[in-house]
Amino acid sequence: NAGVMQNPRHLVRRRGQEARLRCSPMKGHSHVYWYRQLPEEGLKFMVYLQKENIIDESGMPKERFSAEFPKEGPSILRIQQVVRGDSAAYFCASSQGQNTGELFFGEGSRLTVL
Amino acid sequence: AQSVTQLDSQVPVFEEAPVELRCNYSSSVSVYLFWYVQYPNQGLQLLLKYLSGSTLVKGINGFEAEFNKSQTSFHLRKPSVHISDTAEYFCAVKPALGAAGNKLTFGGGTRVLVKP
């Protein structure tokens, strides 16, 4: 199955630690999107990346959050100095680049901050 | 900017009964519209999409949706649900023109619980 792969599926961190979430897009896809799903809420856009470029980061919190999609390897969403409010499911999606809106989602990484 | 409102946060329904999930959107430009389904502990899967053409769109698993431009709605329907349709359903939009990529704006979701 060459779907979108996210890891880890579950991550527990204590306040102040760092969380790194990884996403490998579907084969042939060069566009990656990160969304956050807070408990009892819908998905909120965070960032859109192409290889080595951040295209749109309008949904990223100004501090502590960063994302990258290097030429080689997976996309990484990094959260520094986590706080309890960062507890959420983080979903990665990929697409080929056509503008028809179809995104292919991974199964998500569930971050719990103690 | 776009916004999406899903009017029902939860919809309980009996097996083999019909279901309708309501979605209204707001946008100053033309949009593409989507319904995604999320089964427990999984990612989202595309159910159907409206890009242009016929306003009645058929998707997977017997779902269909109708685009109503005057009412800015895109309600999802299924005439007879199964237990396996228990999931959360998300309506989403993106600008049809002028926006690079596939950045979607999602509604808050509707939880469908199918009872035997």
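Note that the protein sequences, when read in sequence, are chains A and B. The working numbering puts the first sequence at residues 116 to 229. The working numbering puts the second sequence at residues 263 to 378. All C-beta atoms, glycine included, are put in the ideal place defined by N, C-alpha and C.
Could you please tell me which residues of the region 139-171 of chain A, in chain order, have their CB closer than 7 Å to any CB of chain B? HIS146, TYR148, GLU156, GLY157, LEU158, PHE160, TYR163, ILE170 and ASP171
Could you check whether VAL119(A) and GLY221(A) sit closer than 8 Å to each other, using their CB atoms as the reference points? yes
Of all Cβ atoms in chain B, is any one closer than 8 Å to the Cβ of GLU183(A)? no
Mind checking which residues open and close the beta strand (DSSP E) that includes SER139(A)? 134-139
For the region 174-181 of chain A and the region 276-291 of chain B, state whether three or more C-beta atom pairs, one from each stretch, are separated by less than 8 Å. The region 276-291 of chain B and the region 174-181 of chain A do not touch, with fewer than three beta-carbon pairs separated by less than 8 Å.
Can you list, in chain order, the residues of its chain with a C-beta nearer than 6 Å to that of ARG373(B)? Leave out the 5 residues immediately preceding and following it. GLN272 and GLU350
Beta-carbon separation (whole angstroms), GLN121(A) vs CYS207(A), contact threshold 8 Å: 5 Å
Within 8 Å of chain A by C-beta, residues of the region 281-296 of chain B in sequence order: TYR294 and PHE296
LYS166(A): buried (16+ other C-beta within 10 angstroms of its C-beta) or exposed? exposed
VAL319(B) and VAL343(B) closer than 8 Å at C-beta: no
Once the 5 residues before and after ARG129(A) are set aside, which same chain residues still bring their CB inside 6 Å of it? LEU229
Closest to ALA263(B) by CA distance: which of GLY305(B), THR317(B) and LEU366(B) is it? The alpha carbon of ALA263(B) has as its nearest neighbour, out of GLY305(B), THR317(B) and LEU366(B), the alpha carbon of LEU366(B).
Establish whether the CB of ASN364(B) and some CB of chain A are separated by less than 8 Å. So, interface residue.
Got a sec? Which residues, its chain only, sit under 8 Å from ARG124(A) by beta carbon, not counting five neighbours each side? Excluding positions up to five away in sequence, the list reads GLU222, GLY223, SER224 and ARG225.
Name the two residues that bound the continuous beta strand (DSSP E) containing LEU306(B). 306-312
C-beta atoms of GLN268(B) and GLY369(B) nearer than 8 Å: yes
Among LEU338(B), GLN333(B) and SER332(B), nearest to GLY324(B) - alpha-carbon criterion: LEU338(B)
For GLY371(B) and chain A, any beta-carbon pair shorter than 8 Å? yes
Are MET141(A) and VAL162(A) touching if we call contact CB-CB under 8 Å? no
Name the residue from GLY188(A), SER209(A), SER173(A) and TYR205(A) whose alpha carbon lies nearest to the alpha carbon of GLU156(A). TYR205(A)
Please determine whether the Cβ atom of PHE220(A) lies at a distance below 7 Å from any heavy atom of the ligand MG. As far as ligands go, the structure on display features none, and thus does not contain the ligand MG.
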